[in-house]
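To keep things clear, I will list the structure first and then write my remarks on it.
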Amino acid sequence: MAKKYGEDGRDLVESQPNAELEAVFGRYPPIDTRAAESVGFKHDGSLDVLIRNCMAWRD
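11 is the number of the first residue of the sequence shown in the numbering used here; add one for each residue after it.
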């Protein structure tokens, strides 16, 4: 997001392990995207593109 919105906000985001979240989401099965792809959904290709697509409404 810093690439798009600047370095000023970088300090507002941090990443730390969270045992409770990992316990819940770590149990999810691997993602199977075949059904989504079969009806036309496409992978964003990279994290940068995913963020750009998710934040496009702000532009």
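Beta carbons are placed, not taken as given, at the ideal position from N, Cα and C, and that holds for glycine.
Note on geometry: alpha-carbon atoms of Gly-50 and Glu-24 lie some 34 Å from one another. Contact between Gly-19 and Ala-12 holds, with the beta-carbon distance rounding to 7 Å and staying under 8 Å. DSSP places Asn-63 inside the alpha helix (DSSP H), whose first and last residues are 57-65. Secondary structure of Phe-51 (DSSP, three-state): coil. Put simply, the backbone Cα of Asn-63 is about 14 Å away from that of Tyr-15.
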